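Quick note on this note's numbering: the sequence shown kicks off at 82 and runs consecutively. Each residue gets a CB set at the ideal place from its N, CA and C atoms; glycine is no exception. In this text the structure is predicted, and so the values were computed from the model without any measurement.
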Amino acid sequence: MDLRLGIKSRIFGAYLLVLALGAVLAFLVYTDSKHVADTSRQLTGNVVPQLNAINALKLDLLMQESVLYRYYINLDHERFLADYERIDNACVSGFVNLAEALDQRLLLQSVQGDYNRLGQIGRNLDAALKNKPRNTKRAAKLLSEAGEVVGRIHRELDVLAGDISSRVQQSGARASSTVETMQRRVILFAGAIFLISLFVGYYINVYINEQTERRRLAMFPERNPNPVLQLSPAGAVLYANPGTAELLKKIGAVSNDVRALLPLDLEKRLTSLRAKPASHELWEYTVEGGRTLECGIHWLPDLEIFHVYVTDVTERKRAQEGLIHQAYHDALTKLPNRLMFEEEFERRVYANDRAGMRAALLLMGVDRFRVVIESMGHDIGDLLLQAVVARLKHLLGEVRGQVRESTLYRMEGDRFAILVPGFATSQNPVWLAEQILEEMQQPFHALGREYHLSLSIGISVYPLDGQEAATLLRNAEAAMQRAKRQGGAGLECYTRDMNERAAEWLALENELRHAEEHGELRLYYQPQVDIASGRVIGAEALLRWEHPKLGLLVPSQFLALSEESGLVVSLGEWALYTACAQAAAADTPETRGLSVSVNISARQFALPDLAKRVAAVLQDTGLSPTRLELEITEGVAMQDIVRTIGVLTELKKFGVKFAVDDFGTGFSSLSYLKRFPLDKLKIDQSFVRGLPADENDAAITRAVIALGQSLKLKVIAEGVETRKQLDLLREQGCNEYQGDFFSKPVPIQEFDRLLAHASAPA
Ligand code: C2E
Ligand code: MG
Ligand code: MG
82 MDLRLGIKSR IFGAYLLVLA LGAVLAFLVY TDSKHVADTS RQLTGNVVPQ
132 LNAINALKLD LLMQESVLYR YYINLDHERF LADYERIDNA CVSGFVNLAE
182 ALDQRLLLQS VQGDYNRLGQ IGRNLDAALK NKPRNTKRAA KLLSEAGEVV
232 GRIHRELDVL AGDISSRVQQ SGARASSTVE TMQRRVILFA GAIFLISLFV
282 GYYINVYINE QTERRRLAMF PERNPNPVLQ LSPAGAVLYA NPGTAELLKK
332 IGAVSNDVRA LLPLDLEKRL TSLRAKPASH ELWEYTVEGG RTLECGIHWL
382 PDLEIFHVYV TDVTERKRAQ EGLIHQAYHD ALTKLPNRLM FEEEFERRVY
432 ANDRAGMRAA LLLMGVDRFR VVIESMGHDI GDLLLQAVVA RLKHLLGEVR
482 GQVRESTLYR MEGDRFAILV PGFATSQNPV WLAEQILEEM QQPFHALGRE
532 YHLSLSIGIS VYPLDGQEAA TLLRNAEAAM QRAKRQGGAG LECYTRDMNE
582 RAAEWLALEN ELRHAEEHGE LRLYYQPQVD IASGRVIGAE ALLRWEHPKL
632 GLLVPSQFLA LSEESGLVVS LGEWALYTAC AQAAAADTPE TRGLSVSVNI
682 SARQFALPDL AKRVAAVLQD TGLSPTRLEL EITEGVAMQD IVRTIGVLTE
732 LKKFGVKFAV DDFGTGFSSL SYLKRFPLDK LKIDQSFVRG LPADENDAAI
782 TRAVIALGQS LKLKVIAEGV ETRKQLDLLR EQGCNEYQGD FFSKPVPIQE
832 FDRLLAHASA PA
């Protein structure tokens, strides 16, 4: 704006300067040329007639002299008088003219004196010649005097003429110097005007460029797809670009009134904007059609107008809201996430706290979910998590009467949490956890397959187990980990020593990582006995860890903690290799040819190349495959039935045998069981323990034995500690047994000795 005013005023200033210079030049040229004109007028009007008059006078004088001479010669008095008078008249009028033209009276007076003398000579001559005798002598003398007088007058007139010429020369010189001055001035002025023209030309160029730029800029609002408006101070629309009509169409405005795009309280806003020192503001508002617009208004005080820029920010707003939703929700299950849990915790729990109520946090983890992912992939994993969530949601809906306002969160991976902000009795969260565990017992289905999943649930209670979200969560996690270590599918309430114990477990797990390389791992063998013959037919290899400080540790003290980290895989591989190698190396008559049972963990069973690995171990150790029996628990076998059938079938091809460990503790679907290419069912020791007194246990063992017989499977009972137990099992038709009654698990050297010396109790 300033620049434009500057350029304009500069151009105008230069224009005025040129005008002024022109006027001055015109004035000077006018005065100078007037001076020159006066000089030439003077020349033509005065000097030339003066010189003419002098010349005419000189001529007349010569003629007068000749009249005198002629009279002397022809003595014609009459003619002399006539001629003399005529020329005298001419001379007199010549003098009068000259006297008028010249101001040199003195010189003229002397000339006239001489002329009078000539008249006197003429009269004297007439007297000398008219009267007789003529006095010719005197006449001749008078004639020569007349010649002298005329000559003198001529000289005087020449002086006069010279004087006039010198004056003419002077004024001519003055006129020519005036003309030169004029020339110089004209050149000077022309130069100045040239420079000014350059200057003006430069600014005109700048001005034109600026105008072009302004015109170009003026096109911007026209091309802008968003509405651009110009408003008067009162808010009247002075200009609206084509984008305005587009947006009106987009929002489905009924009229073409652009005000439909502006805030309803526009006038108020404009007034306050004008009053403020800041001349720009941005507003967001909703217009008809529910769209959100953003309008930026600039107040331009020098132009006294508002510039308005309207943008449709509906999509941006939605995206922002979407992002916020995403930040607080889990994409897979659509559940609120951990961030939401942390943000909601205070509001929901503290409010209930004021009402004197407690809050419970149930943290749930899917047991062995890593195994699910590793064996079935993330897609199935995701589907199963969604199914778990659906079931949990359904349950929470059903128990709404007993547990108010409970919310389900997905914390991460397979971890879910239920926050129960206010509950009446302490039994409530435990009761809810039990409901959940029960609900999980039904199989899940994904992509046409059946899966069995269980949850481990850790419970912490506010304010007893923690006052903040993080503490409650950490303690619920400790409780959940304990539930997992107990084998999963269970619940644990947080107790104060849990965190300490958890720390110990963590330390132990770290040491376990190096147990193999430190040579601290051992395999103990427990004989398996054929009940009918009383002969040892095989042995189960059981892992032990000879801890340098803690002594000999059994699997329950270290194996569960290695499940989550995956360490169980390498431990299992060590056990498999060692068992096969030691069995292959057995060369006493008692041990040669015995079969060896090796436990396969869920993580190991999930390895996609399990069959290859087993085959490689058999090849390496040289053990006959028929002497190897692999034990998988019922839970592992049932997790993904189709896969189990595949793995079992593949390994069966080599002649490897399979036993279902801990049978009866899970929830085997009998219809699937018969499709598994199995060899043995191992009755879990928890059912043997109550024999023979516990009727339920007896019924279960009988049923399992009957099932085994009908499926043509061997049945082995584990944990047999007493003869009575053995007797009942024999009676029920059980094929084999293992347990402390025959022998505890023992190191390999002792095993050989045991078989060499001990005979099976019949
Ligand atoms: P499991 O396969 O069911 O093994 C039988 C468990 O019962 C063994 O416990 C054994 O010592 C114990 N047992 C045998 N007879 C009696 C008895 O008469 N009374 C009592 N009370 N217990 C008896 P252990 O050795 O502590 O092993 C526990 C579990 O650890 C095993 O249960 C098995 O699932 C797992 N395990 C052991 N070794 C390995 C291994 O090398 N790899 C894998 N993956 N798991 C293993
Ligand atoms: Mg076993
Ligand atoms: Mg067992």
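Report yes if the C-beta distance between residue i and residue j is below 7 Å; otherwise report no.
i: Ala-441; j: Pro-510; result: yes
i: Leu-189; j: Ile-202; result: no
i: Val-56; j: Asp-164; result: The question about residue 56 has no answer, for the chain in this structure spans 82 to 843.
i: Ile-56; j: Leu-238; result: The question about residue 56 has no answer here: the residues shown for the chain are numbered 82 through 843.
i: Gln-813; j: Arg-783; result: yes
i: Val-447; j: Tyr-390; result: no
i: Glu-515; j: Pro-524; result: no
i: Ser-682; j: Glu-710; result: no
i: Lys-795; j: Lys-761; result: yes
i: His-410; j: Pro-417; result: yes
i: Tyr-153; j: Ala-242; result: no
i: Val-484; j: Val-469; result: no
i: Ile-885; j: Leu-97; result: No answer is possible for residue 885: the residues shown for the chain start at 82 and end at 843.
i: Val-113; j: Thr-259; result: In the sequence as presented, Val is not what sits at residue 113; that position holds Asp. In contact: Asp-113 and Thr-259 (Cβ atoms closer than 7 Å).
i: Met-561; j: Leu-444; result: yes
i: Phe-426; j: Ala-550; result: yes
i: Ser-541; j: Tyr-575; result: yes
When we look at the beta-carbon of residue i and count the other beta-carbons within 10 Å, is it buried (16 or more) or exposed?
i: Ala-843; result: Because the pLDDT at Ala-843 is just 44, under 50, the model does not fix this residue reliably, and the point stays unresolved.
i: Gln-131; result: buried
i: Lys-763; result: buried
i: Ala-95; result: buried
i: Ser-535; result: buried
i: Leu-84; result: For Leu-84, the pLDDT reaches just 49, beneath the cut-off of 50, and the residue's location in the model is therefore unreliable, leaving the point undetermined.
i: Lys-755; result: exposed
i: Ala-471; result: exposed
i: Ser-487; result: buried
i: Glu-644; result: buried
i: Met-82; result: For Met-82, the predicted model reports a pLDDT of 43, less than 50, meaning its position is unreliable; a value from the coordinates is still stated below. Result: exposed.
i: Met-300; result: exposed
i: Gly-674; result: exposed
i: Ala-837; result: exposed
i: Gln-609; result: buried
i: Ile-829; result: buried
i: Ala-846; result: Residue 846 falls outside the range modelled here, since the chain spans only 82 to 843, and no answer is possible.
i: Gln-700; result: exposed
i: Thr-367; result: exposed
i: Ile-289; result: exposed
Going by C-alpha to C-alpha distance, which of the options sits closest to residue i?
i: Tyr-543; options: Ala-432, Glu-493, Pro-629; result: Ala-432
i: Leu-642; options: Arg-563, Phe-768, Glu-369, Thr-707; result: Arg-563
i: Leu-109; options: Leu-269, Val-128, Thr-217, Gly-619; result: Leu-269
i: Val-452; options: Leu-729, Glu-486, Val-741, Val-717; result: Val-717
i: Pro-274; options: Ala-101, Ile-285, Ser-258, Ala-692; result: According to the sequence provided, residue 274 is Ile. The question's Pro does not apply to it. For the residues Ala-101, Ile-285, Ser-258, Ala-692, the minimum Cα distance to Ile-274 belongs to Ala-101.
i: Lys-89; options: Ala-271, Leu-545, Val-287, Thr-217; result: Val-287
i: Val-741; options: Gly-632, Met-719, Arg-266, Leu-328; result: Met-719
i: Met-438; options: Thr-367, Leu-545, Ala-687; result: Leu-545
i: Val-698; options: Leu-312, Cys-661, Arg-684; result: Cys-661
i: Ala-317; options: Lys-330, Leu-343, Ala-326; result: Leu-343
i: Arg-215; options: Met-263, Arg-167, Asp-157; result: Asp-157
i: Ala-557; options: Gln-567, Glu-348, Arg-577; result: Arg-577
Quick check on the DSSP output: the beta strand (DSSP E) that includes residue i runs from which residue to which?
i: Lys-222; result: It is not in any beta strand (DSSP E) - Lys-222 instead sits in the alpha helix (DSSP H) that spans 217-304.
i: Phe-525; result: 525-527
i: Leu-624; result: 617-628
i: Lys-398; result: It is not in any beta strand (DSSP E) - Lys-398 instead sits in the alpha helix (DSSP H) that spans 395-409.
Output the boundary residues of the alpha helix (DSSP H) element that contains residue i.
i: His-133; result: Going by the sequence as given, residue 133 is Asn instead of His. First-last of the alpha helix (DSSP H) with Asn-133: 129-155.
i: Thr-707; result: No alpha helix (DSSP H) contains Thr-707, which DSSP labels as neither H nor E.
i: Val-695; result: 691-702
i: Glu-654; result: 648-666
i: Pro-323; result: 323-332
i: Lys-805; result: 804-813
i: Ala-498; result: Ala-498 -> not in any alpha helix (DSSP H); beta strand (DSSP E) instead, spanning 496-504.
i: Gly-458; result: 450-479
i: Arg-603; result: First-last for Arg-603: 602-611, but that is the beta strand (DSSP E), not the alpha helix (DSSP H).
i: Gly-789; result: 776-791
Legend entry - Whole beta strand (DSSP E) elements within the region 340-380, 3-residue minimum: Secondary structure within the region 340-380: the beta strand (DSSP E) runs of 3 or more consecutive residues, fully enclosed, are 361-367 (chain order).
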